[in-house]
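J.: Terminal number for the sequence shown in the working numbering: 396, no gaps in between.
Structure provided below as structure tokens; questions to follow.
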Amino acid sequence: MALVDELWSGVAVSGAPSVERELGLSHRGYVAFAFVLPLVAAAALEAGVALLSDVWGRARLVVLGQGALAASLSLAAWTTSRWGLTLGLALAGASSGVACGAAQALLFTSSGPGPVDHDRAMVRWTLYSALGDVLTPLVTAVALALGHSYRGAMGAIAVVVALQCALSAWLLARHAATPAAPGHGEPAGAAPEDAAEPEAAAEPLRAALSRALRMPRLWAWLLAAASCTLLDELVIALAALRLEHDRGASPALAAAAAVTFSLGDVLGIAVTDRAVARTSARRVLVVSAVACALALLAFLVTSSALAAGVALLVVGVTSAPHHPLTMARAYGELPDRPGTVQALGQLFVVVDVAAPLALGVIADRFGLGVAMACLVAQPVVIVLFAWRLARGAR
Numbered sequence: 003m004a005l006v007d008e009l010w011s012g013v014a015v016s017g018a019p020s021v022e023r024e025l026g027l028s029h030r031g032y033v034a035f036a037f038v039l040p041l042v043a044a045a046a047l048e049a050g051v052a053l054l055s056d057v058w059g060r061a062r063l064v065v066l067g068q069g070a071l072a073a074s075l076s077l078a079a080w081t082t083s084r085w086g087l088t089l090g091l092a093l094a095g096a097s098s099g100v101a102c103g104a105a106q107a108l109l110f111t112s113s114g115p116g117p118v119d120h121d122r123a124m125v126r127w128t129l130y131s132a133l134g135d136v137l138t139p140l141v142t143a144v145a146l147a148l149g150h151s152y153r154g155a156m157g158a159i160a161v162v163v164a165l166q167c168a169l170s171a172w173l174l175a176r177h178a179a180t181p182a183a184p185g186h187g188e189p190a191g192a193a194p195e196d197a198a199e200p201e202a203a204a205e206p207l208r209a210a211l212s213r214a215l216r217m218p219r220l221w222a223w224l225l226a227a228a229s230c231t232l233l234d235e236l237v238i239a240l241a242a243l244r245l246e247h248d249r250g251a252s253p254a255l256a257a258a259a260a261v262t263f264s265l266g267d268v269l270g271i272a273v274t275d276r277a278v279a280r281t282s283a284r285r286v287l288v289v290s291a292v293a294c295a296l297a298l299l300a301f302l303v304t305s306s307a308l309a310a311g312v313a314l315l316v317v318g319v320t321s322a323p324h325h326p327l328t329m330a331r332a333y334g335e336l337p338d339r340p341g342t343v344q345a346l347g348q349l350f351v352v353v354d355v356a357a358p359l360a361l362g363v364i365a366d367r368f369g370l371g372v373a374m375a376c377l378v379a380q381p382v383v384i385v386l387f388a389w390r391l392a393r394g395a396r
């Protein structure tokens, strides 16, 4: 699910010039119809289902979310209207969020011989997300090179998601039909998530939510995780637009340049998995954030697509640890209620909405270079939060 989530969501990002050109959008209009409106429409539904995932069947939510995602992507690929694109992306965002949230909750509540290592679990989840980031601009670039638009790439991914949904449904049905092994204490047909944490099963949903609302460190880590949106789809979209509009690169080359960021993300996650096993999460966050700020500044002063690609590679490597480690800290504050953590995280959709809208206005008024310079705020936030909150954490 982590790979597919990034695979579909990155098409409208790496293909930003194609979206603007086909729909006749300004930078501000692109941000509104491809980012802001879909995020607002999807956030409420996703938050509600995330809360209920602590008491509902999570495996079934994964399958239902995948099916709805395939249908939503088909709509986004078929429509030629900006409002149709917004609707398709909104439904896709909610569907994918539900499926990924349920899958991630399963990961953190899985039974095993020992406690879940939240840092490394989130890092490995993010590794698959990074692989999706690598594939997305490649798929978009191939579609553009073959004379298609972002809609062609979106349609191809819809087919992949539909196949994944069918496979997930088959696996769930097979598990439900398999009797439990003797001595394991599970009834025949029990879904994996039915073996819930005892604390989560005993505590009412309202009590868990009330407890979470009184945890300032949880809120702080969720805010830090939300700031990572600046160095995800936004940096790819702004980089592609800057390369095409300010550096004269072709649309296919601008989309392909984003591959370097995604490759860096994969490399950074692989390094992070080793680093968190040997040193503190705080040190990894601080060092990577400082290096990330320097790499962003290097991208701004480059004059060629090759140099820009190298700078984006370094940005990808150094920004990779930020979201998994900050989100792991948030899960660690309330380990028995991952769905509640996810639901509270949706309240920070205001960051996802305000950031791209503000950057779109800045890009239209002051230029893409100034908009990209504002992204340095993300590593600054990570340094401040890691320095104050993660002392002694591993």
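Glycine included, C-beta positions come from ideal geometry on N, C-alpha and C.
All figures in this text were calculated on a predicted structure; none of them were measured in a lab.
#1: Just to confirm, are alanine 36 and leucine 71 a CB contact at a threshold of 9 Å?
#2: Round the Cβ separation of methionine 124 and proline 326 to the nearest angstrom and send it over; I've been treating them as touching at under 8 Å.
#3: Just curious, the alpha helix (DSSP H) that serine 399 is in, first and last residue?
#4: In the DSSP assignment, find the unbroken alpha helix (DSSP H) run with alanine 297 in it and report its ends.
#5: Classify leucine 75 as buried or exposed, calling it buried when 16 or more other Cβ atoms lie within 10 Å of its own Cβ.
#6: By alpha-carbon positions, which one of Arg390, Ala360, Trp389 and Leu245 ends up nearest to leucine 377?
#7: Taking DSSP as the reference, what is the three-state secondary structure of methionine 374?
#8: Would you kindly report the start and end of the unbroken alpha helix (DSSP H) that includes threonine 320?
#9: Would DSSP call methionine 3 helix, strand or coil?
#10: Please classify valine 352 as buried or exposed, where buried requires at least 16 neighbouring CB atoms within 10 angstroms.
#11: The alpha helix (DSSP H) spanning arginine 30 covers which residue range?
#12: Answer with buried or exposed for glycine 311, where buried requires no fewer than 16 other C-beta atoms within 10 angstroms of its C-beta.
#13: Tell me the residue span of the alpha helix (DSSP H) that contains alanine 356.
#14: Indicate the three-state DSSP secondary structure (helix, strand or coil) for histidine 150 in the structure shown.
#15: Does the segment 340-348 come into contact with the segment 241-252, if we say contact requires no fewer than three beta-carbon pairs (one atom in each stretch) closer than 8 Å?
#16: Going by C-alpha to C-alpha distance, which of Pro381, Gly154 and Arg280 sits closest to arginine 122?
#17: Would the segment 268-286 and the segment 362-379 be scored as touching if the rule is three or more Cβ pairs under 8 Å?
#18: With distance defined between alpha-carbon atoms, name the residue in Asp7, Arg30 and Ser131 nearest to serine 97.
#19: Ends of the alpha helix (DSSP H) at valine 21?
#20: To which residues of the same chain is threonine 88 closer than 6 Å at the C-beta, ignoring the five residues directly before and after it?
#21: For the ligand GDP, is there a heavy atom less than 8 Å away from the beta-carbon of leucine 315?
#22: Is the CB-CB distance between alanine 14 and tyrosine 152 below 9 Å?
#23: Once DSSP output is grouped into helix, strand and coil, what is the label at alanine 202?
#24: In whole angstroms, give me the CA-to-CA distance for methionine 156 and arginine 216.
#25: Taking all protein chains shown into account, decide if serine 305 is buried (16 or more other Cβ within 10 angstroms of its Cβ) or exposed.
#26: For chain C, find out if any of its Cβ atoms is closer than 9 Å to the Cβ of valine 237; answer yes or no.
#27: Assign aspartate 248 to one of three DSSP states: helix, strand, or coil.
#28: Once you ignore the five residues that flank tryptophan 221 on each side, which residues in its own chain have a CB closer than 8 Å to its CB?
#29: Give the secondary structure of arginine 339 by DSSP, where H, G and I count as helix, E and B as strand, and everything else as coil.
#30: Please classify arginine 331 as buried or exposed, where buried requires at least 16 neighbouring CB atoms within 10 angstroms.
#31: Hey, how far is the Cα of glycine 266 from the Cα of leucine 91?
#32: Grab me the residues of histidine 247's own chain with a C-beta within less than 7 Å of its C-beta, minus the 5 sequence neighbours each way, in chain order.
#33: With DSSP run on the structure shown, which of helix, strand or coil describes glycine 266?
#34: Out of Ala175, Ala168, Gly149 and Leu224, which one is the CA nearest neighbour of serine 252?
#35: Would DSSP call serine 83 helix, strand or coil?
T.: Based on what the coordinates show:
#1: Contact: no.
#2: 4 Å
#3: Absent from the model: residue 399. The displayed extent of the chain is 3 to 396, so no value can be given.
#4: 283-303
#5: buried
#6: Ala360
#7: helix
#8: Element bounds for threonine 320: 307-321.
#9: coil
#10: exposed
#11: 29-33
#12: buried
#13: Element bounds for alanine 356: 351-368.
#14: Histidine 150: coil per DSSP, three-state reduction.
#15: no
#16: Arg280
#17: no
#18: Asp7
#19: 18-25
#20: Phe35, Leu39 and Pro40
#21: Because no ligand of any kind appears in the structure shown, any question about the ligand GDP cannot be addressed here.
#22: yes
#23: A caution first: alanine 202 carries a pLDDT of 46, below 50, which makes its placement in the model unreliable, though a value can still be read off. Helix, per DSSP.
#24: Straight-line Cα distance between these residues: approximately 42 Å.
#25: exposed
#26: Structure shown: chain C not included; a single protein chain is present.
#27: coil
#28: Leu346
#29: coil
#30: buried
#31: 26 Å
#32: Leu370
#33: helix
#34: Gly149
#35: In the structure shown, serine 83 adopts coil according to DSSP, grouped into three states.
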